[in-house]
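Peer 1: The structure is given below, and queries will be raised subsequently.
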Amino acid sequence: MKTAKERLTEALQVPVLETMTDLRTTKIGLSAEQVEENRDLYGENVITKGQEDPLWRKIYESIINPFTVILLLIALVSLVTNVLLAKPGQADPTTFFIIVILVLLSGGIRFVQELRSDRAASNLSRMIVNTVTVVREGENEEIPLDELVVGDMIELSAGDMLPADVLLLESRDFFVQQSGLTGESDAVEKLALNKAEKNDPDSLLEADSLAFMGTTVISGRATALVLVVGDDTMMGAIEQTLNTYDEPTSFEREMNSISWLLIRLMLVLVPVVFLINGLTDGDWLEAGVFALSVGVGLTPEMLPMIITASLAKGSIIMAKEKVVIKKLNAIQDLGAIDILCTDKTGTLTQDEIVLEYPLDIHSNLDLAVLRRAYLNSYYQTGLKNLMDRAIINRTEKEAKDHENLRDLDQKFKKIDELPFDFERRRMSVLVQDDDGIVSMVTKGALEEMLAISTYVEDEGKILPLTADIRAEILEEVAQLNEQGLRVLGVSYKSNLDVDYAYSIDDESEMILTGYLAFLDPPKPSAAPAIKILKEYGVATKILTGDNEKVTEAVCEKVGLDVENILLGSAVDTLSDEELSHAVERTTVFAKLSPEQKARIILQLKANGHKVGYMGDGINDAPSMKVADVGISVDTAVDIAKETADVILLDKDLLVLEKGLVEGRKVYANMTKYIKMTVSSNFGNIFSLLFASIFLPFLPMAPIHLIMLNLVYDISCIALPFDNVDSEFLKKPRIWSAKSITRFMAWFGPISSVFDCLTFLILYFIIAPMMTGAGYTHGASAAFITIFQTGWFIESMWTQTMVIYMLRSPKLPFVHSRPALSVILTTLAAAFFVTFLPYGPLAELLKVTPLNMTYFLFLFLIIVLYMISVTLVKHLYIKRYKEWL
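Quick look at the structure:
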């Protein structure tokens, strides 16, 4: 069997019939039996995305991150100092084992969560099916891309993504964007094999008659023969050798900055603790072990797991709301947006366009205009839009009562067509009637139709298009636009040569016969959705290629501000600085090209906004690419669905509200963990520094610090499922390392104050009471154990109880209730540590039972600590006007 390259090369050099014979196909396509044979022979049309990561690599990536690398280094040092270099009989591997358990626990939970989220994402992706029009046994049918086989005949038009490497058999103004393969930014024209001039088999990517998987049809149409599928395609070969790099999202960038902030903090504090304890006690080995334990205490090991669990939970909830999250991180990015840019059609409107009036140049009903428009819409093979369908439906309806509208597909034969593109904003078909007369019928945006028309049809007479007639037409159309009606012009010219090769240059000196007025009524849900988004701090901006009058009428009905409308022509005249001001005060942008839409979004981002873009057309793909979050629908063209981060199975802005809420819940629960953990750990380190200076012994054994961290982190597993205050969800949130540093600086010292109070009580009251004497250097092992056990238990209680104080700006349990799972895990953690001195692990962990006096003081300290945190929280919110 020939290789993929040999098939592509040979197809350029031999007659088409020979290639078709070689692939066992014909012009009417493959039979059902031949489809299966070719699939078995040439393989399925599925690309293996890079090299599928083996299980060991997934486990490795779940465990290894900047935090766990530091922990494993600490574990290694602990193994050397506490075991390998320990004196005979004094080897203690407990610290090493606990750190390893900590790393494995965090990585294991993350691994399970990522497996679940990958499985969920895979299941959701199957709900989004890209299709291709294939000819089989003479019939056109839509099939999923992965069912395509070598030898299939396919029809391509604007908006399609190439589903395989193909040979063009027929083409008309067929332009593709193939920058992903060649690096060329401009679209290139591809030609049918019998028309091509440049088909060098040594340069397949530049061959005129070959088009490749993953490229996008910008305009025109083509019939093509599938030569290569799946991993054998050019795109497949690239995927096998390269890992696709996606630019980090704003969420990923901020999380990286936060991780490195904590690592830098650790790298500063650990040496300080080491020096202070070494200089104070003179035991540098013990000081080193203690300093390393401090490093463990500062590390939020569960951060990767909390992130993964939160994002996976969000994606599963969104799936129930008919929202497919293609990239997990898009959930948080969706919650962060403060501007939603969207096209008008189908988002604000019902996406069910009705042709209200076929009108002559004087705005009188004229079915002759409908007749010509039908020929244009029926015979065009490009991307049939809603207006084409509305024209066809209205004609079929009117044909019941008007004979001249019946059987038009039998009375006319298509000769050729000039497909639509976004620069001309029109398309033409050439048809021949029963008398052999060839006509060109063109429809498009009215301004473009006036530009190519020299004459008008007025009650059967052909008259020159004068300035007065032009002014009358524009005035009539403006009135229709103000009523919210979209208008297309229809022009024609007849008695053309049947054998001439027509091009867009021939769209000239035409006769304007009239225009079509369409109604696309606003969705009942549009106005409430825009209002709700505004309540959630998200401004809606309309970016449309439509007429400004129509756009204004629709936007007014749904409650959008239309005082300032900026046209695409004006956007091109503005500098970046001028545009930066204009985008802030403008809600509606009309008559935009795809490039202008993308420029507006980039400028909004440059102004500091987080921008989402919702669209479903080929012209929306550039905007979705540059937005922070690209949003599309399952009925969109292939390239729009491929570009989007989020796919709505129901094209409704109200669904986005649920996405925003889930994104903000994800942010809330992740930031709770980070801020609570970092501020608490930071406070403990200050306490350790203070105690290390004034106490003649270590305030807490290294094993206690590590055990404390292990139990606390386990208690935080439920945080991704915590409740979030409804008020918190009303505002967009973005990650900020500065905010975390500030939070740490305010609340860490409070923890330190009560730790120091605990030191005083333990040193001067509890330990002397239980031992019957004060501390005597070298002879007070029991005193030290009581002291360390007391702070060990107090630290656990304050760390877990403060979760309730810091998880919300409100009063806990009274105004803001945590999830039951959070209550259960935190209380379980606190009671577990409290009862350790009374269990079988007491000797191993070097803890001892404490008397009731200690627990009375503990209760008092916890109550005072929670009151203090509440007061400082009030001051913090008053100062910074924010909480989490």
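Here the numbering used here = 1-based position in the sequence shown + 5.
Just so it is clear, CB atoms sit at the ideal spot from N, CA and C, and this is done for glycine as well.
Apply the 10 Å Cβ neighbour rule to methionine 6 and answer buried if 16 or more other Cβ atoms are within range, or exposed otherwise.
Peer 2: Looking up residue 6 in the sequence shown gives position 1. So methionine 6 counts as exposed.
Peer 1: Identify the residues that DSSP records as bridge partners of threonine 354: which are they?
Peer 2: Position 349 of the sequence shown, counted from the start, is the residue given in the question as residue 354. DSSP output for threonine 354 lists Pro527 as bridge partner(s).
Peer 1: Anyone know if the C-beta pair for valine 690 and valine 328 falls short of 8 Å?
Peer 2: Residue numbering aside, residue 690 sits at position 685 when the sequence shown is read from its first letter. Residue numbering aside, residue 328 sits at position 323 when the sequence shown is read from its first letter. Correcting the residue type first, residue 690 is isoleucine in the shown sequence and not valine. Result no, Cβ atoms of isoleucine 690 and valine 328 do not sit closer than 8 Å.
Peer 1: Give a yes or no on whether the C-beta atoms belonging to valine 222 and serine 162 are separated by under 8 Å.
Peer 2: Against the sequence shown, residue 222 aligns to sequence position 217. Against the sequence shown, residue 162 aligns to sequence position 157. Their beta carbons are under 8 Å apart, which means valine 222 touches serine 162 by this criterion.
Peer 1: Might you give, ordered along the chain, the residues of its own chain that have their beta carbon closer than 6 Å to the beta carbon of asparagine 282, omitting 5 neighbours on each side?
Peer 2: As a working mapping, residue 282 is identified with position 277 in the sequence shown. So the qualifying residues of the chain are Ala292, Phe295, Ser697.
Peer 1: For the structure I just gave you, are there three or more beta carbon pairs, one from the segment 484–497 and one from the segment 543–561, closer than 8 Å?
Peer 2: Short answer: they touch.
Peer 1: Return the bridge partner residues of aspartate 817 from the DSSP annotation.
Peer 2: Start at 1 with the first residue of the sequence shown, and residue 817 comes out as number 812. One point to set straight first is that residue 817 is proline, not aspartate, in the sequence displayed. Ser821.
Peer 1: Tell me, please, whether the segment 410–420 touches the segment 151–158 by the rule of three or more beta-carbon pairs shorter than 8 Å.
Peer 2: Output reads no: the segment 151–158 does not touch the segment 410–420.
Peer 1: Do you know how far the Cα of methionine 705 is from the Cα of threonine 790?
Peer 2: Locating residue 790 in the sequence shown gives position 785, counting from the first residue. Locating residue 705 in the sequence shown gives position 700, counting from the first residue. Cα to Cα, the separation comes out at about 9 Å.
Peer 1: Should lysine 92 be labelled buried (16 or more other beta-carbon atoms within 10 Å of its own) or exposed?
Peer 2: Working through the sequence shown from its first residue, we reach residue 92 at position 87. Lysine 92 is exposed by the Cβ-count criterion.
Peer 1: According to DSSP, lysine 92 sits in a beta bridge with which residue or residues?
Peer 2: Numbered from 1 along the sequence shown, position 87 holds the residue referred to as residue 92. Answer by DSSP bridge pairing: none, since lysine 92 is not bridged.
Peer 1: Can you tell me the Cα-Cα spacing of proline 533 and proline 527, whole angstroms?
Peer 2: Numbered from its first residue, the sequence shown carries residue 533 at position 528. Numbered from its first residue, the sequence shown carries residue 527 at position 522. Distance between the alpha carbons of proline 533 and proline 527 is about 12 Å.
Peer 1: Give me the DSSP bridge partner(s) of proline 469.
Peer 2: The residue given as residue 469 occupies position 464 in the sequence shown. Answer by DSSP bridge pairing, in chain order: Tyr460.
Peer 1: When the Cα atoms are used, what is the spatial distance from aspartate 657 to aspartate 151?
Peer 2: Residue numbering aside, residue 657 sits at position 652 when the sequence shown is read from its first letter. Residue numbering aside, residue 151 sits at position 146 when the sequence shown is read from its first letter. Taking the straight line joining both Cα atoms gives about 29 Å.
Peer 1: What residue range does the alpha helix (DSSP H) around glutamate 38 cover?
Peer 2: Locating residue 38 in the sequence shown gives position 33, where the first residue counts as 1. First-last of the alpha helix (DSSP H) with glutamate 38: 37–47.
Peer 1: Mind checking which residues open and close the alpha helix (DSSP H) that includes glycine 573?
Peer 2: One-based indexing of the sequence shown puts residue 573 at position 568. Segment 573–576, the alpha helix (DSSP H) holding glycine 573.
Peer 1: Can you tell me whether glutamine 601 is buried or exposed, with buried defined as 16 or more other CB within 10 angstroms of its CB?
Peer 2: As a working note, residue 601 is residue 596 in the sequence shown. It is buried - the Cβ of glutamine 601 has at least 16 other Cβ atoms within 10 Å.
Peer 1: What are the boundary residues of the alpha helix (DSSP H) that glutamine 804 is part of?
Peer 2: Your numbering for residue 804 matches position 799 in the sequence shown. Here the alpha helix (DSSP H) through glutamine 804 covers 786–811.
Peer 1: Using the Cα positions of aspartate 727 and alanine 673, report the straight-line distance between them to the nearest angstrom.
Peer 2: To locate residue 727, count along the sequence shown from 1; it is residue 722. To locate residue 673, count along the sequence shown from 1; it is residue 668. Between aspartate 727 and alanine 673, the C-alpha separation is close to 9 Å.
Peer 1: Near leucine 247, what residues of its chain come up, given a Cβ to Cβ distance below 6 Å and the 5 sequence neighbours on each side ignored?
Peer 2: As a working note, residue 247 is residue 242 in the sequence shown. Because the pLDDT at leucine 247 is just 44, under 50, the model does not fix this residue reliably, and the value given afterwards should be weighed accordingly. So no residue of the chain qualifies.
Peer 1: Should valine 374 and leucine 360 be called a contact, given that it needs their Cβ atoms to be closer than 8 Å?
Peer 2: The residue you call residue 374 lines up with position 369 of the sequence shown. The residue you call residue 360 lines up with position 355 of the sequence shown. No.
Peer 1: From glycine 55 to threonine 138, what does the alpha carbon distance come to, in whole angstroms?
Peer 2: Position 50 of the sequence shown, counted from the first residue, corresponds to residue 55. Position 133 of the sequence shown, counted from the first residue, corresponds to residue 138. Only weak support is given to the placement of glycine 55: the predicted model assigns it a pLDDT of 48, under 50, and the value that follows is read from those uncertain coordinates. Looking at the two C-alpha atoms, the distance is approximately 27 Å.
Peer 1: Starting from the Cα of valine 233, find the closest Cα among Ile52, Val436, Glu477 and give me that residue.
Peer 2: The residue you call residue 233 lines up with position 228 of the sequence shown. With distances taken between Cα atoms, valine 233 lies closest to Ile52.
Peer 1: Based on DSSP bridge pairs, tell me the residues matched to isoleucine 652.
Peer 2: Mapped onto the sequence shown, residue 652 falls at position 647. Isoleucine 652 pairs with Val329, Ser637.
Peer 1: For proline 725, tell me which candidate among Phe101, Ile636, Leu316, Ser692 has the shortest Cα-Cα distance.
Peer 2: As a working mapping, residue 725 is identified with position 720 in the sequence shown. Nearest C-alpha to proline 725: Leu316.
Peer 1: Which same chain residues end up closer than 6 Å to aspartate 412 when comparing Cβ atoms and leaving out the 5 residues on each side of it in sequence?
Peer 2: Within the sequence shown, residue 412 is the residue found at index 407, counting from 1. Excluding sequence neighbours, aspartate 412 sits near nothing in its chain.
Peer 1: Identify the continuous beta strand (DSSP E) that holds tyrosine 379 and give its terminal residues.
Peer 2: The sequence position of residue 379 within the sequence shown is 374, counting from 1. That residue, tyrosine 379, is in no beta strand (DSSP E); its alpha helix (DSSP H) goes 372–384.
Peer 1: Give the range of the alpha helix (DSSP H) segment to which glutamate 600 is assigned.
Peer 2: Numbered from its first residue, the sequence shown carries residue 600 at position 595. Note, glutamate 600: alpha helix (DSSP H), 599–611.
Peer 1: Considering only the alpha carbon of each residue, which of Ile711, Pro599, Ser508, Arg590 lies closest to asparagine 612?
Peer 2: For the purposes of this step, residue 612 is identified with residue 607 of the sequence shown, where counting begins at 1. Selected option, being the one with the closest Cα: Arg590.
Peer 1: Leaving aside the five residues before and after isoleucine 64 along the sequence, list all residues of the same chain whose C-beta is less than 8 Å from its C-beta, in chain order.
Peer 2: Here residue 64 corresponds to residue number 59 of the sequence shown, with the count starting at 1. Around isoleucine 64: Gly112, Phe116.
Peer 1: Please return the same chain residues whose Cβ sits closer than 7 Å to the Cβ of methionine 392, not counting the five positions on each side in sequence.
Peer 2: Locating residue 392 in the sequence shown gives position 387, counting from the first residue. Hits under 7 Å: Ile358, Leu493, Phe523.
Peer 1: Counting along the chain, where does the beta strand (DSSP E) carrying asparagine 145 start and finish?
Peer 2: As a working mapping, residue 145 is identified with position 140 in the sequence shown. Start and end: 144–149.
Peer 1: Based on Cα-Cα distance, which residue from Glu582, Tyr809, His820 lies nearest to valine 868?
Peer 2: Working through the sequence shown from its first residue, we reach residue 868 at position 863. Ranking the options by Cα distance to valine 868, first place goes to Tyr809.
Peer 1: How far does the beta strand (DSSP E) with alanine 450 in it reach, from first residue to last?
Peer 2: The count along the sequence shown starts at 1 and reaches residue 450 at position 445. Where alanine 450 is concerned, the enclosing beta strand (DSSP E) stretches over 443–450.
Peer 1: Tyrosine 717 lies in the alpha helix (DSSP H); which residues open and close that run?
Peer 2: For the purposes of this step, residue 717 is identified with residue 712 of the sequence shown, where counting begins at 1. Residues 707–720.
Peer 1: Consult DSSP for methionine 871 and reduce its assignment to one of helix, strand or coil.
Peer 2: Counted from its first residue, the sequence shown places residue 871 at position 866. Helix, per DSSP.
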